[in-house]
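Numbering (the numbering used here), first residue to last: 18 to 136.
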């Protein structure tokens, strides 16, 4: 399976899509706003990533207004929040076989580019 979970309105996601040519390399795209991630998809991401927390974006605009910065969140909390609100998923998340790339920091994007170009 080669799939990228992204947000079509996110400029950073669009840039990464262009830079990696993910579509041309056979990756399926899933716009998480239009096509919500399923519990099974999120559980697979967690299996590869090691935790729901590593998939959770504290940069979401809803993080502070919901008072989440003042709470000690559990893995179950992270899972429920991501399933409830798509903006809590770090993006993009790219899965290729047993590899997962989470987020848009420079190191992750460079690793993703290298992996996609080898595929």
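C-beta atoms are modelled at their ideal positions from N, C-alpha and C, and glycine is treated no differently.
Fair warning: this is a prediction, and the values are worked out from it, not measured in the lab.
Extent of the continuous beta strand (DSSP E) run through residue i
| i | result |
| --- | --- |
| residue 45 | 45–48 |
Sheet register partners of residue i (DSSP bridge)
| i | result |
| --- | --- |
| residue 113 | 19, 116 |
| residue 73 | 106 |
Range of the contiguous alpha helix (DSSP H) that encloses residue i
| i | result |
| --- | --- |
| residue 28 | 28–37 |
| residue 105 | Element bounds for residue 105: n/a, residue is neither H nor E. |
| residue 80 | Element bounds for residue 80: n/a, residue is neither H nor E. |
| residue 186 | Nothing in the structure corresponds to residue 186, since the chain is present only between 18 and 136. |
| residue 64 | 56–66 |
Which listed residue (the options) has its alpha carbon closest to that of residue i
| i | options | result |
| --- | --- | --- |
| residue 70 | 84, 92, 54 | 92 |
>> So, does the stretch 110–118 touch the stretch 18–32, judging by three or more C-beta pairs under 8 Å?
In response: Touching, yes, given that three or more Cβ pairs across the two stretches are closer than 8 Å.
>> Measuring CB atoms only, is the stretch 64–81 touching the stretch 115–134, in the sense that at least three cross pairs come out at less than 8 Å?
In response: yes
> Using 8 Å as the threshold, is the stretch 35–54 in touch with the stretch 125–136, meaning 3 or more CB pairs across them?
Replying inline: yes
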